[in-house]
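**Student:** Please find one structure pasted underneath; my questions will follow.
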Amino acid sequence: MPQSSHRLRDRPGTIYLGHIPPGFFELEMKRFFSQFGRVTRLRLSRSKHTGRSKGYAFIEFELEEVAKVVAETMNNYLFYERLLKCEFLEPERVHPATFYGANRIFTKPIRFEVLRYNKEKNKLQLQRMCSKLLSKPRRLRKKMATHGINYDFPGLVNTSLHFGRQSVDAQQNWEGGDACEGEDDLDGCNLHIVEKINRSNIWRRESMRLHT
């Protein structure tokens, strides 16, 4: 009995931490909670799309007794204008995947637009992309006409595409046709234009995100 109770005292303990304030990330969290005892694992839940904190984390301490003390001490603790919610989790409540990816240095996820752009595309996908891009100006003209706006614009054919510090004149790369006709009619659609447009869109969205 004494040996079994000793083993229970020495087993690790896990706490749930909620209502985490902005700016309180993995490194700061580990430094703060290490004052109670040794932190063995820590995982801050983050969004897979943006990498931002979801506001809750799981922290494992070397000793279960330490985890219980932390849960009792830090629950409803006012921390940077947030009331922390701290709860001790019994071992049976800790899922095996709770600490998946714990103690890793966080790296910002690659934006999905870049991944999709770099993915190799077949002819059919390229044709659909081209048709979709060329149909946007037509839809916009129809929408403006329904509102009584009589205005014409060159669209993609005569518009210079600006991205980064480069400028590409679409007219120089255009070789007839408004849309792709048939599986092999890729020259008329000019895939070089499609590539430049997509790169321009990705750069513009990334610039807007960085300045917001």
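Going by UniProt numbering, the final residue of the sequence shown carries number 212, and the count climbs one at a time with no gaps.
Glycine included, each C-beta is placed from N, C-alpha and C at the ideal position.
It should be emphasised that the depicted structure is a prediction, and the values quoted were computed from it without experimental measurement.
1. Residue 53 bridges to which residues according to DSSP?
2. My output table needs one value for residue 171: the three-state DSSP class, helix, strand or coil.
3. Do residue 31 and residue 62 have their C-beta atoms closer together than 7 Å?
4. In three-state terms, what does DSSP make of residue 15?
5. Need the endpoints of the beta strand (DSSP E) that residue 89 sits in, please.
6. Which same chain residues end up closer than 8 Å to residue 218 when comparing Cβ atoms and leaving out the 5 residues on each side of it in sequence?
7. Just to confirm my understanding: we take residue 1, look at its own chain, exclude 5 residues before and 5 after, and list those with CB closer than 7 Å. What are they?
8. Given a threshold of 16 other Cβ atoms within 10 Å of its Cβ, counted over all protein chains shown, does residue 59 qualify as buried or as exposed?
9. With distances taken Cα to Cα, identify the nearest neighbour of residue 18 among 55, 105, 25, 64.
10. Beta carbon of residue 15, beta carbon of residue 71: below 7 Å?
**Tutor:** This is what the structure holds:
1. What you label residue 53 is simply residue 53 of the sequence shown in a count that begins at 1. In the DSSP output, where bridge partners are listed per residue, residue 53 has 46.
2. Taking the first residue of the sequence shown as 1, we reach residue 171 at position 171. With a pLDDT of 41 at residue 171, under the threshold of 50, the modelled position of this residue cannot be trusted, and the question is left open.
3. Start at 1 with the first residue of the sequence shown, and residue 31 comes out as number 31. Start at 1 with the first residue of the sequence shown, and residue 62 comes out as number 62. Not a contact, by the Cβ cut-off of 7 Å.
4. The count along the sequence shown starts at 1 and reaches residue 15 at position 15. The answer is strand: DSSP assigns residue 15 an E or B state.
5. The sequence position of residue 89 within the sequence shown is 89, counting from 1. Run containing residue 89: 85 to 89, per the beta strand (DSSP E) assignment.
6. Nothing about residue 218 can be read from this structure; the chain reaches only from 1 to 212.
7. Here residue 1 refers to the residue found at position 1 of the sequence shown. Residue placement at residue 1 cannot be trusted, given a pLDDT of 47 that sits under 50; what the coordinates show is reported in the next sentence. Cβ within range, chain order: n/a, list empty.
8. Here residue 59 refers to the residue found at position 59 when the sequence shown is read from its first residue. Buried is the call here.
9. Translated into positions along the sequence shown, residue 18 becomes position 18. The shortest C-alpha separation from residue 18 is found at 55.
10. Here residue 15 corresponds to residue number 15 of the sequence shown, with the count starting at 1. Here residue 71 corresponds to residue number 71 of the sequence shown, with the count starting at 1. Taking 7 Å as the Cβ cut-off, residue 15 and residue 71 qualify as a contacting pair.
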